[in-house]
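Undergrad: Counting from 1114, one number per residue, gives the positions in the sequence shown under my numbering.
From the three backbone atoms N, C-alpha and C, an ideal C-beta is built for every residue, glycine too.
Treat the numbers as computed from the prediction; the structure is a model and nothing was measured.
Got a structure for you, questions after.
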Amino acid sequence: MYRLQATSPEKFSGNFLVTKPASLTSPSNSPFDIWNVISSPSPKPTWKDWDWFVNLSASDYPLMPQDDILHIFSYLPRDLNFLEHTTNIGWKEHQRARPIVIDPGLYHSKKSGVFWAKEKRSMPASFKLFMGSSWVVLTRPFLEFCIWGWDNLPRTLLMYYTNFLASSEGYFHTVLCNHKDYQNTTVNHDMHFIKWDNPPKQYPVNLTIQHFPEMVESGAPFGHSFAKDDPVLDKIDVELLGRTRPLGRSVQNSVFGNTDAIRPSMSSKRLEKLVSNLLSTENFRPKQCK
């Protein structure tokens, strides 16, 4: 199951959902962008059998056909949660964790930017903060735990992240790594190829043709981010997705298809290599919730 964040009206078809913003809160500045993610699988009666939930943005693009992803994931244990995470948050302690932000979109009828409280808060003592990428591949049991939680941790952390800047970079990560039933299910990778400036800026660089060899070598099923109609998208269409001509700039056009008939291509070998490396003795347990 995929979920694509976009500003278009909500659309639902098969295993693919395009949702409109759930609230007037500023993008990535409140936990309501999180709730827009974790509440969307639950009400969809058409989705009866699914194992993983993948959130995508309108600036993501697939680097391999959907069948390759389905083929490789069909061999994996159904309890693995893929997300980049670390407790070594560095500069984010003073620019993310300690500041208190208020988003008027929580209670106003018009959207506006956040404002900052003068006070700073101390680091939490009852749980450990983890942060990482906003892009995640999460299991059904874990998402159901976050939605209907039989323990207070998801709700406690949701309240904490109400006043947290870029909460989608830490909420799931912190819930997973602070609960004994899920902390051993994490795989430290977000299934995206992303390129950052050095030093990193607020947003990653837009991927271009010069990044194409690295995209292929990475084995990641998705890339982020791409400028609209960049020539590299045509190259991906032809060389990685097996198209004879470009079909438009929509992730839905690229990954949605007949999920009943899986026909993996050679690109599945790239994802197989990536996943095998992530689950190796050297990388799996040693990089969980560290």
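Given a threshold of 16 other Cβ atoms within 10 Å of its Cβ, counted over all protein chains shown, does G1203 qualify as buried or as exposed?
TA: The residue in question, G1203, is exposed, as its Cβ has fewer than 16 Cβ neighbours within 10 Å.
Undergrad: Determine the DSSP secondary structure at W1165, reduced to helix, strand or coil.
TA: Correct three-state label for W1165: strand.
Undergrad: Kindly indicate which residue of G1262, M1272 and V1249 has the alpha-carbon position closest to the one of E1282.
TA: V1249
Undergrad: Determine the DSSP secondary structure at E1395, reduced to helix, strand or coil.
TA: coil
Undergrad: Skipping 5 residues on each side, what residues in its chain have a beta carbon closer than 6 angstroms to that of N1276?
TA: Once the five neighbours on either side are set aside, the close Cβ partners of N1276 are I1213 and V1214.
Undergrad: Find the nearest neighbour of H1302 within the set E1330, L1392 and H1292, judged by alpha-carbon distance.
TA: L1392
Undergrad: Would you identify the three-state DSSP class for Y1274, choosing helix, strand or coil?
TA: helix
Undergrad: Touch check for the segment 1342-1352 and the segment 1310-1324: three-plus C-beta pairs under 8 angstroms?
TA: yes
Undergrad: In this structure, what does DSSP give as the bridge partners for N1194?
TA: T1299
Undergrad: Note down, in chain order, each residue of its chain lying with its Cβ closer than 8 angstroms to the Cβ of M1177, except the 5 sequence neighbours on either side.
TA: P1334, L1353, L1354, S1378, S1380, S1381, R1383 and L1384
Undergrad: Skipping 5 residues on each side, what residues in its chain have a beta carbon closer than 7 angstroms to that of S1363?
TA: Its pLDDT being 43, under 50, S1363 is placed unreliably in this model, and the value from its coordinates should be taken loosely. Counting only Cβ-Cβ distances below 7 angstroms, and skipping sequence neighbours, we find nothing.
Undergrad: Could you tell me which of S1246, F1306 and D1294 sits nearest to G1262, measuring between CA atoms?
TA: D1294
Undergrad: Tell me L1251's beta-bridge partners as DSSP assigns them.
TA: F1166
Undergrad: For Y1316, count the other beta carbons within 10 Å of its own beta carbon; 16 or more makes it buried, fewer makes it exposed. Which is it?
TA: exposed
Undergrad: I1375 and D1162: beta carbons closer than 7 angstroms?
TA: no
Undergrad: Kindly identify the DSSP beta-bridge partner or partners of K1233.
TA: Its beta-bridge partners are P1212.
Undergrad: Give the range of the alpha helix (DSSP H) segment to which I1307 is assigned.
TA: Premise fails: I1307 lies in the beta strand (DSSP E), H1305 to I1307, not in any alpha helix (DSSP H).
Undergrad: Determine contact between the segment 1262-1272 and the segment 1284-1294, defined as no fewer than three beta-carbon pairs at a distance below 8 angstroms.
TA: yes
Undergrad: With 16 as the cutoff for other CB atoms within 10 Å, does W1309 come out buried or exposed?
TA: exposed
Undergrad: Check this for me: beta carbons of L1278 and R1209, under 7 angstroms apart or not?
TA: yes
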